[in-house]
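This note's numbering applies: residue 1 is where the sequence shown begins, and numbers increase by one. No residue lacks a Cβ here, since even glycine has one placed at the ideal position from N, Cα and C. Predicted model only: the values in this text are computed from it and were never measured. As structure tokens, the structure follows; a few thoughts come after it.
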Amino acid sequence: MKLSELRTGERGVVVKVNGHGSFRKRIIEMGFVKGNKVKVILNAPLRDPIEYEIIGYKISLRREEASKIEVISETEAKELLSARQSLPALDASAEAWLEREMDTLAEERRKVIKVALVGNPNCGKTSLFNIASGSHEHVGNYSGVTVDAKEGVFEHGGYRFNLVDLPGTYSLSAYSPEELYVRRNLVEDMPDVVVNVVDASNLQRNLYLTTQLIDMNLRVVMALNMYDELEARGDHLDIRQLGYLLGMPVVPTVSRTGEGIDALFDTVIQIYEKSDPHIARHIHINHGVELEQSIDRIKHLIQKDADIRYKYSTRYLAIKYLENDREVEKVVEALPGRDEIIAARFEEHRRIEGLLKSGMESALVDAKYAFVEGALAETYIQGKKKRHTLTDKIDGIVTNRWLAFPIFIFLLYIVFEGTFVLGEYPMQWIEWIVEKFGAFVSMTMKDGWLKDLVVDGIIGGVGSVLVFLPNILLLYMFISLLEDSGYMARAAFIMDRLMHRIGLHGKSFIPMVMGFGCNVPAIMATRTIESRKSRLITTLIIPLMSCAGRMPVYVLIAGAFFPKKAGLVLLGLYALGILLAIVAAKIMSLFFKEDDLPFVMELPPYRVPTGKSVFRHTWEKGRQYLQKMSGVILICSLVIWFLGYFPNHDAYDSVQEQQEHSFIGYIGKSMEPVLEPLGFDWRMGVGIVAGVGAKELVVSTLGVMYADDEPVSGAQDESGGPSSDTRLQRALVKSVTPAGALAYMVFILLYFPCIATFVAIKNESGGWKWAIITAIYTVLLAWTAAFLTFRIAGLFL
1 MKLSELRTGE RGVVVKVNGH GSFRKRIIEM GFVKGNKVKV ILNAPLRDPI EYEIIGYKIS
61 LRREEASKIE VISETEAKEL LSARQSLPAL DASAEAWLER EMDTLAEERR KVIKVALVGN
121 PNCGKTSLFN IASGSHEHVG NYSGVTVDAK EGVFEHGGYR FNLVDLPGTY SLSAYSPEEL
181 YVRRNLVEDM PDVVVNVVDA SNLQRNLYLT TQLIDMNLRV VMALNMYDEL EARGDHLDIR
241 QLGYLLGMPV VPTVSRTGEG IDALFDTVIQ IYEKSDPHIA RHIHINHGVE LEQSIDRIKH
301 LIQKDADIRY KYSTRYLAIK YLENDREVEK VVEALPGRDE IIAARFEEHR RIEGLLKSGM
361 ESALVDAKYA FVEGALAETY IQGKKKRHTL TDKIDGIVTN RWLAFPIFIF LLYIVFEGTF
421 VLGEYPMQWI EWIVEKFGAF VSMTMKDGWL KDLVVDGIIG GVGSVLVFLP NILLLYMFIS
481 LLEDSGYMAR AAFIMDRLMH RIGLHGKSFI PMVMGFGCNV PAIMATRTIE SRKSRLITTL
541 IIPLMSCAGR MPVYVLIAGA FFPKKAGLVL LGLYALGILL AIVAAKIMSL FFKEDDLPFV
601 MELPPYRVPT GKSVFRHTWE KGRQYLQKMS GVILICSLVI WFLGYFPNHD AYDSVQEQQE
661 HSFIGYIGKS MEPVLEPLGF DWRMGVGIVA GVGAKELVVS TLGVMYADDE PVSGAQDESG
721 GPSSDTRLQR ALVKSVTPAG ALAYMVFILL YFPCIATFVA IKNESGGWKW AIITAIYTVL
781 LAWTAAFLTF RIAGLFL
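This is the structure:
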């Protein structure tokens, strides 16, 4: 509860004081420190200011000031104690007891620390977040993995930490969406402590962000991450002196292994409690005499408005306003004295340009980098530099003008061939187990609709999807290896020229490749693209990237119709998706206003992926796949079975007649005129409709629709083991031509994105317009491509 929310006459106990620098210092000096009792004496007629009594003094605060002080009130304490069933009948003798309990509750609440993780992209923030909180967020050795705030909770040293992992950002300017997102989070949510995660292998670049955090006057602890790499190079860093120069404690960490994490959060507790006055000190980045004069002038003008000091560091506002920051301009120019501030900025810009022969923004940035260089000159000694590092040697090959694209295509082929070949054996055994289990249930249950529901609806539907779990796990494992090794960033690098030619940004390629896993997080990852045009076009073409949900369809059909060339078929499908996405992007770029921005993306050093990280990423995706089977896939399978069983199941003898005269038969038959030119039968059309919910539903639906085309006992090979073809595959081979099967895979690749992707497009584009346009163009594209595939393939297959 905020102090401003207490009613007249009500008492409370101070928990903590939020706000910035001088404001916090002044409020604490007035007696608003943890554990002190405070009482509301009266409210002014206009409800501002409010008079409080604390440590025997009566003090007036504005409501805005009081809102920055967190308290626990008598009413709140009574409710909490009553919920714990420890509240006695309150009388005069119980007042002292209640006060003691309020102190205890205030101390409990104070021991909750909100910590924000802030750092450059690919500095190891999310790895640190996962180890500290026990979470399993996706990590990768390239920028843009974290696209919104992730929250985790854990306990350490008697304190409860609410940990927030913010997107990686190189600065706190309003240049890119992630920069603005991080800055707003720091200003509006006001974390108790900021952990600035710094990549020890690139200190000069990382410390620029640190200087901006210092400007914001936040309580900061630096996590000097990947410290093992700095030591491995033979470099030396005087950590204590660096911390002194920056005014913050510096703790070496290795988030990959967890080394230093406990020490880091011990230090966070010290900063929060201020148990050691020497551990941190507030400093200002000295920008030089002339720039400091400009900053002071603007700062003093801003400070004339008393209310703004509660929310912002006025020095920070002055610096950003001098940099022509758009967001800060909105804040400052809403102040009563805005005309004077605007005029002062104009004068200071002219003065600095005349004195330094440089623009104000460039001069401020140069001054910050000069401070960083000076700090490192005093603390950092570089070891013997190798002429060519391993990363340089590998980059000389994988980014070579002639070798880059063949290597990229070869790696994709390895991924798809490996997914199919290595996944075939466990897939066969799972299919064999599912069929044996179905046969056992079929023999033990009495004939009737319930038996058909269990055998055909549940086992046939869900089992058809479960079979492809090994392929899904392998696909995500390969993607994780490419991400963690650092190759994904190189893929974006080599594709930048092509992306630029089709009207996109090099960064667009990262979300596109992420789409191979799932389109939803890929669309969210477009937030890291600064250009509005590129961001929107990338969002609209990501549904053409073949997600893992489509993989079971490809493995099912390619394994049945093209078993010897399944890897090439998969590669061809993914390549077709990329090719059509490129064409679509080029066409779309003709209708959007040009706002091209430079390609700026870090190429991180190559790292050997850890087994723990790869396993965690792979299993997390596998777990989500299993959850889908027990949720939406199971429900859809039951719905499809119900629609295929009723209303006249017992009126017909053959399975084909039963299905054709069922509800699902009527639906499928109504689509047949549209699907017949593509070589599909009506049952395949039902699978297409189901796939709108989730692409995995295509296989489960086909599993239900073709459940009675093969005996449930399951085929075996000559040795008595499982057959190399699943029951569903054998049924499809009997019903569909190879050309129709190939066209079906093309249609599944391109048509309507799943509902989750449809909603993600709506959210990221800002309305239903672009989501509906995406749905329409993908369906038309899918039909056209499938028609051409069926006609052309029919000439050869």
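If you compare the alpha carbons of 783, 102, 760, 66 with that of residue 82, the shortest gap goes to 102. When DSSP states are grouped into helix, strand and coil, residue 73 belongs to the strand group. For residue 502, there is no enclosing alpha helix (DSSP H), as DSSP gives it neither H nor E. The alpha-carbon of residue 184 is positioned some 54 Å away from that of residue 561.
In the three-state scheme derived from DSSP, where H, G and I count as helix and E and B as strand, residue 37 is classed as strand. Taking 8 Å as the cut-off, the Cβ atoms of residue 395 and residue 490 count as close. When rounded, the separation of the alpha-carbon atoms in residue 150 and residue 167 is 9 Å. The segment 400 to 409 makes no contact with the segment 470 to 486: fewer than 3 CB pairs, one atom from each, lie closer than 8 Å.
Sorting 243, 72, 503, 726 by C-alpha distance to the C-alpha of residue 198 places 243 at the top. If the five residues before and after residue 703 are omitted, its C-beta is found closer than 6 Å to the C-beta atoms of 460, 461, 464, 728, all from its own chain and listed in chain order.
Look at residue 287 here: in three-state DSSP terms it is coil, with no helix or strand label. Here the segment 508 to 521 makes contact with the segment 538 to 551; the two share three or more CB pairs at distances below 8 Å.
A check of alpha carbon separations from residue 605 across 685, 485, 565, 67 identifies 485 as the nearest. Taking C-beta atoms as the reference points, residue 204 and residue 378 fail to come closer than 8 Å. Membership of residue 222 in the beta strand (DSSP E) is indicated by the continuous run 220 to 225.
Spatial neighbours of residue 582 in its own chain (CB-CB distance under 6 Å, excluding positions within 5 residues in sequence) are listed in chain order as 502. By the criterion of at least three beta-carbon pairs nearer than 8 Å, the segment 607 to 620 is not in contact with the segment 426 to 433. Residue 7 and residue 269 have their C-alpha atoms spaced approximately 33 Å apart. Excluding five sequence positions before and after residue 310, the CB atoms of its chain that fall closer than 7 Å to its own CB belong to 19, 23, 64, 65, 68, given in chain order. Shown here, residue 13 sits in a strand according to DSSP, grouped into three states. Secondary structure at residue 273: helix, using DSSP grouped into helix, strand and coil. Secondary-structure assignment with DSSP links residue 57 through a beta bridge to 54. With contacts defined by Cβ atoms closer than 8 Å, residue 751 and residue 784 do not form a contacting pair.
Between residue 251 and residue 267, the C-beta gap is smaller than 8 Å, which places the two residues in contact. Of the residues 341, 213, 1, the one whose Cα lies closest to the Cα of residue 248 is 213.
Under the 8 Å Cβ criterion, the segment 685 to 692 counts as touching the segment 666 to 676, having at least three qualifying pairs.
In this structure, residue 497 sits away from residue 178, with a CB-CB distance that is not shorter than 8 Å. For residue 252, the enclosing beta strand (DSSP E) starts and ends at 250 to 252. In this structure residue 466 is not in contact with residue 705, their Cβ atoms being roughly 17 Å apart against a cut-off of 8 Å.
If only complete runs of 4 or more residues are kept, the segment 171 to 247 shows the alpha helix (DSSP H) at 177 to 188, 203 to 215, 227 to 232, 239 to 246, in order along the chain.
Between residue 767 and residue 759, the alpha-carbon positions lie close to 9 Å from each other. In the structure shown, residue 48 falls within a coil segment according to DSSP collapsed to helix, strand and coil.
Take the alpha-carbon of residue 794 and the one of residue 565: they are about 18 Å apart. Counting only unbroken stretches of 4 or more residues, the alpha helix (DSSP H) elements lying wholly within the segment 570 to 649 are 611 to 628, 634 to 645, in sequence order. Cβ-Cβ distances below 7 Å link residue 680 to 740, 744 in the same chain, with the five nearest sequence neighbours on each side left out; the list follows chain order. For residue 358, the number of other beta carbons within 10 angstroms of its own is below 16, and it is reported as exposed.
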